[in-house]
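Below: the structure, in structure tokens.
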Amino acid sequence: MIPDWKLADEALRNIEVKGNENNQPVTIIGVAEGLKCIGIGTDAAVFQYHLTPNYVFKVYSHQALKKKEVEKHVYEHLKGSRYFPQLYGSGINYIVLSFEEGVTFYDCLLQGIPITEQAIQDVEEAREYVRSQGLNPRDIHLKNILLQNGRGKVLDVSEYVKEGNDRRWEHLVWAYKNFYHFISGNQVPLWILETIKHWYLRMNLASFGLEEFTERVSRLLFKQRK
Ligand SMILES: Nc1ncnc2c1ncn2[C@@H]1O[C@H](COP(=O)(O)OP(=O)(O)O)[C@@H](O)[C@H]1O
Ligand SMILES: [Mg+2]
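Printed below as a string of structure tokens:
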């Protein structure tokens, strides 16, 4: 039997997703009726099709196409877990996932939506589950987590086959415990979030470490609150 998500296949053929230099978000080329982009990452763009709203289609750029098989493989291992979207299938340059309602942690900060302790706890449990399946939870950052009715859901599992700890989640938990109560419920302007991200990504390449990073962020947020 042909799965119902196949209805979107033709529309998806009309768009191309292009990767950009320096880990910048991808660019979408072309339009297709009924197809709506609901998220953008550095490897892929995520679409919803009007006739199949319960699915999303993660379309990889040509440069990131290898990650399609990797991510599919990881989702197969995480099958049935409520901490992640469900995988339904794949096409030539995309995978098919459950559409997940909710707002990314990044957008929660922008919009002043409080991130619950329960959601943080859910991500901790998701990470435990990933490890129990012999995989390595990595790349867990603000745009890869959804707040869904007060609960946490983790997106973007393509790096779980890599080794090493990028410490992104540990840093976020630290910031949540030490900083978040100052800003919870307030809208953080985009330029502030992007400045913090810029510093964070350059922390170890530049001449400053975590301590100076923290000081800079405090100054930025504190000045903003006055
Ligand atoms: N299953 C999903 N349901 C709803 N939104 C999603 C889903 N998967 C991804 N998104 C949205 O699309 C964005 C990009 O997806 P992501 O898998 O993180 O791509 P990349 O690997 O390029 O970072 C996410 O930040 C999120 O906003
Ligand atoms: Mg992502």
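The numbering used here numbers the first residue of the sequence shown as 287 and each following residue consecutively. Glycine included, each C-beta is placed from N, C-alpha and C at the ideal position. In this text the structure is predicted, and so the values were computed from the model without any measurement.
The alpha helix (DSSP H) enclosing residue i, as first and last residue numbers
i, result
"Ala-478", "For the sequence presented, residue 478 should be read as Ile rather than Ala. Ile-478 -> alpha helix (DSSP H) spans 476-488."
"Val-276", "Residue 276 cannot be examined here, being either before or after the span of the chain that is shown, 287 to 512."
"Gln-494", "In the sequence as presented, Gln is not what sits at residue 494; that position holds Phe. Premise fails: Phe-494 is in no alpha helix (DSSP H) and is neither H nor E."
"Val-447", "Unbroken run through Val-447: none, as it is neither H nor E."
"Ala-461", "454-464"
"Leu-428", "Unbroken run through Leu-428: none, as it is neither H nor E."
Cutoff 8 angstroms; reference residue i; Cβ partners in own chain excluding five residues on either side
i, result
"Lys-512", "Per-residue confidence for Lys-512 stands at a pLDDT of 48, beneath the threshold of 50, marking its modelled position as unreliable; the derived number appears in the next sentence. No residues qualify anywhere along the chain."
"Gln-397", "Val-389, Gln-473"
Counted within 10 angstroms of its Cβ, other Cβ atoms place residue i as buried (16 or more) or exposed
i, result
"Gly-327", "buried"
"Lys-292", "exposed"
"Arg-299", "exposed"
"His-408", "This sequence places Asp at residue 408; His is not what is there. Under this definition Asp-408 is a buried residue."
"Arg-368", "exposed"
"Ala-330", "buried"
"His-491", "Reading the sequence as shown, one finds Leu at residue 491 and not His. Leu-491 is exposed by the Cβ-count criterion."
"Glu-501", "exposed"
"Lys-304", "exposed"
"Ile-288", "exposed"
"Gly-366", "exposed"
"Lys-354", "buried"
"Ser-347", "buried"
"Gly-420", "exposed"
"Gly-438", "buried"
"Arg-413", "buried"
"Val-317", "exposed"
Chain-order list of residues whose beta-carbon lies under 7 angstroms from that of residue i (same chain, five-residue window excluded)
i, result
"Ile-469", "Leu-507"
"Pro-339", "Phe-385"
"Asn-430", "Val-440, Leu-441, Asp-442"
"Arg-424", "Glu-445, Tyr-446, Lys-448, Asp-452"
"Gln-434", "Glu-386, Glu-387, Gly-388"
"Arg-454", "Asp-425, Ile-426, His-427"
Residue i: first and last residue of the uninterrupted beta strand (DSSP E) it sits in
i, result
"Gln-334", "330-335"
"Lys-358", "From DSSP, Lys-358 is part of no beta strand (DSSP E) but of the alpha helix (DSSP H) over 352-363."
"Ile-324", "321-326"
"Tyr-346", "341-346"
Sheet register partners of residue i (DSSP bridge)
i, result
"Gln-434", "Arg-437"
"Ile-314", "Val-303"
"Leu-373", "Leu-383"
"Val-389", "Leu-433"
Close-in-space but distant-in-sequence residues of the same chain around residue i (CB under 6 angstroms, 5 per side omitted)
i, result
"Ile-482", "Val-503"
"Pro-400", "Ser-470, Gly-471"
"Gln-372", "Ser-384"
"Leu-337", "Leu-293"
"Ser-324", "Correcting the residue identity first, residue 324 is Ile in this sequence and not Ser. Cβ within range, chain order: Val-332, Gln-334."
Please confirm if the region 307-316 is in contact with the region 352-360, defined as three or more CB-CB distances below 8 angstroms between the two stretches. Short answer: they don't touch.
Specify whether the region 369-388 and the region 343-356 touch according to this definition: at least 3 beta carbon pairs, one from each stretch, less than 8 angstroms apart. Yes: at least three Cβ pairs fall under 8 angstroms.
The region 464-480 contacting the region 442-449, beta-carbon criterion three pairs below 8 angstroms: no
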